[in-house]
Amino acid sequence: MEELVGLREGSSGNPVTLRELFSPCPRIRRGIRDGLEWLKQKLFHVSEDWHLLMTLGVLMALISYAMDFAIGRVVRAHQWLYREIGDSHLLRYLSWTVYPVALTSFSSGFSQSITPFSGGSGIPELKTILTGVVLEDYLDIKNFGAKVVGLTCTLASGSTVFLGKVGPFVHLSVMMAAYLSRVRNKAIRESENDSKQKEMLVAAAAVGVATVFAAPFSGVLFSIEVLSSHYSVWDYWRCFFAATCGALMFRLLPVFNSEQETITTLFKTSFRVDVPFDLPEIFFFVVLGAICGIVSCAYLFCQRTFLGFIRTNWFLSKLLATSKPMYSTLATLILASITYPPGVGRFLASRLSMKEHLDSLFDNNSWALITRNSSPPWPPEPDSQNLWFEWYHPRFTIFGTLAFFLVMKFWMLILATTIPMPAGYFMPVFVFGAAIGRLWGEALSLAFPEGIMAGGVTYPIIPGGYALAGAAAFSGAVTHTISTAILAFELTGQILHALPVLMAVLAANAIAQSCQASFYDGTIIVKKLPYLPWIRGRGIGSHGVIVEHFMNCTITTLAKDMPLEEVVKVVTSTDVAEYPLVESTESQILVGVVRRAQLMQALQTESPSWAPGHQCLQDVLAGGCPMEPITLQLSPETSLHQAHKFFELMNLQSLFVTSRGRAVGFVSWVELKKAISNLTNPPAPK
């Protein structure tokens, strides 16, 4: 009997089920189950969204890999068609141009016909959303399929259009995160929370970058720099967890598909390991950063000017409004005709893909020194072992082709950014910067053919290291980010040039940020999206300007003792979203806010029982019309700098100004923009 009781109670004294009595190893099974339950509780204690973040990372990695797989097939089909069509120049020209024209026109027409939000990068709009502005339907999942198909067709057009993947894929990741959040909320019957959704969107942006480059560190840092002015440390681990899941899955998929033997970097380099650069070269890297900063200012100015011209020009604006595929066809035809290999494309290395461009530019050998005594042939097809042959021409030399590439791609990239289809603009400027660095490195290798002597030892110049620094510096200057240096290290898998690359990026950013808005901020300005400008620099007197100098004093208040007839007149004669509620007409003490829509609904409900002259707003409030308390307010003595920080940190659209509790005005983005503009560009004295 005691033996049966022992079996019944088990070693822990807890009763066991009949199934456990007749199952093998009941104690071990119970221990495993208890351990898993403990692990589950701990994981949910860390964050209840961990499973959602992991799902997001894995899903976006699968989508990114599937897109790359489809793009590779379409690009190889184009190469096969161009190669097998024969020696007729007309047929070869048509095969080279018609193929990308068809893809880009379909991308533009298909995506725009389903939703107008699928075109472009998407990052400027996301940046606006994260500041608290509501853009209706922009994150709707119905836009997802249109952007995936459109982006795939855009990238399948190859190096003729020369566009990237990063921006649209960040948009795709954010759309997926918003959809998964809604599904989760419905499943657990939880109401939507704006703060929680923003946390998911920030993590999704990091996943978007990480699953394009398999670079979790730079993915998180780049998304922070591009999308946020202030960042919550609470979101940090969430971003890294989701980005790591996505990057790991993205690198494992080629191994599972037998495309690679193991996980490798996207761009392989062979830089010298012992001494990759010498101390005097740091000066040359800083000069390269300054060059990239100056060129980026010219690029940003021309790009924003041309984009504004297209939007104001009667013919082009009408063409974009009525027939976007036609504009895409014309722009792509121009770009494809220029990159035709037997023509001008011979001097642009147009037969190389974007990845092959970087592989060749990161070559550690000096092309100028190699071709000084020999002339390599131009092969019928690109040689994977000698991709740099595509950059050589006996009449132009290496310097001529690199310089011509930079001049032509400067305006071709600007034209490509105006095509209304899903496309990214980061990778093109990354390649452009690599070409700047390569040209600078080749010039140095020619100026110092034996290398630079330090400590009695001569170290040769490595042009590929300058190409790496140029890519990070120019792309960082265009986007106003520092994380492009980390991205360069993750893409190549080496940090030998960590110090000079970082110094080049800092030098480029110092020039670009002082002269021009970033690429994404410039797009926000041209598209006239709501935005709150930064207060740049500390010496423009933002601490000396107070709210009283720029606040809007025209404020319509509702008092609790106001008769309903006057309340109706105020509501019908104004169209503001909310009204400040004061204690009484005499005191003007601010006590809360009443939403216009809710107030109108309450007035319509109360109207049948009105007794003219006997009812006031207090009766409507007591009858159920909600009043929201005032949690934040400004003082007339608050500085512009402090007010700007409030708006940035809390993602606010407007704040009321009170003096000793009395409502005296309000400040919105309009007043802040005007005040900042008057600081940077003071009005002429009257």
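Just so we're aligned, residue 6 is where the sequence shown starts under this note's numbering, counting upward by one.
Beta carbons: idealized from backbone N, C-alpha and C, even for Gly.
Just so it is clear, the structure is predicted and the values come from calculations on it, not from any experiment.
- Taking C-alpha positions only, V292 is separated from A648 by approximately 39 Å.
- Sequence-distant Cβ neighbours of T562 in its own chain, meaning closer than 6 Å and more than five residues away, are P585, V587, A668.
- Between the alpha carbons of G597 and F671 lies a distance of about 14 Å.
- At the C-beta level, T109 and I424 come within 8 Å of one another.
- In this chain, the beta strand (DSSP E) harbouring G670 covers 667 to 673.
- Ranked by how close their Cα comes to the Cα of G137, the residues W396, S644, E204, S162 have E204 in first place.
- S358 places its beta carbon less than 8 Å from that of G163.
- With respect to the 8 Å criterion, V212 and L312 are not classified as neighbours on the basis of their beta carbons.
- Following the DSSP letters along the chain, one finds T663 inside the beta strand (DSSP E) bounded by residues 659 to 664.
- Annotated three-state conformation of R34 is helix, per DSSP.
- Of the other Cβ atoms in all chains shown, 16 or more fall within 10 Å of the Cβ of N148; this residue is therefore buried.
- For P641, the secondary structure class from DSSP, reduced to helix, strand or coil, is coil.
- S116 is positioned such that its CB atom lies no closer than 8 Å to that of L492.
- Judged by their CB atoms, V483 and L305 are nearer to each other than the 8 Å cut-off.
- Remark: three or more beta-carbon pairs, one from each stretch, lie closer than 8 Å, so the stretch 98 to 113 and the stretch 327 to 342 are flagged as touching.
- For G348, the closest C-alpha among the options H94, S186, W239 is that of H94.
- Proximity of the stretch 473 to 483 to the stretch 511 to 521 meets the contact definition, three or more beta-carbon pairs being nearer than 8 Å.
- Distances from the alpha-carbon of S379 to those of I530, K565, S644, R400 put R400 closest.
- For Y430, there is no enclosing beta strand (DSSP E), as DSSP marks it with neither H nor E.
- When beta bridges are read from the DSSP output, G125 appears opposite P427.
- The alpha-carbon separation between R356 and F394 amounts to approximately 11 Å.
- Taking C-alpha positions only, V531 is separated from G124 by approximately 15 Å.
- For R316, the secondary structure class from DSSP, reduced to helix, strand or coil, is helix.
- Counting only the Cα atoms, M417 lies some 21 Å from H83.
- Distance from the CA of K329 to the CA of G77, rounded to the nearest whole angstrom, comes to 26 Å.
- Counting only runs of 4 or more residues that sit fully inside the stretch 561 to 603, the alpha helix (DSSP H) segments are 569 to 578, in chain order.
- Short of 6 Å from the beta carbon of L444, and not among the five residues preceding or following it, lie these beta carbons of its own chain, in chain order: L407.
- By the neighbour-count criterion, in which a residue is buried when 16 or more other Cβ atoms sit within 10 angstroms of its Cβ, H176 is buried.
- By the criterion of a C-beta distance shorter than 7 Å, F255 is surrounded in its chain by A66, S69, Y70, T216, A219, once the five residues flanking it on both sides are discounted.
- The beta carbons of T663 and I551 sit no closer together than 8 Å.
- Burial is judged here by how many other beta carbons sit within 10 angstroms of a residue's own beta carbon; K360 has fewer than 16 and is exposed.
- Bridge pairing for I119: absent [DSSP].
- Here G169 carries a strand assignment [DSSP, helix/strand/coil].
- C-alpha of K679 to C-alpha of H548: approximately 16 Å in a straight line.
- In the three-state scheme derived from DSSP, where H, G and I count as helix and E and B as strand, I339 is classed as helix.
- N514 carries a helical assignment under DSSP once its states are collapsed to helix, strand and coil.
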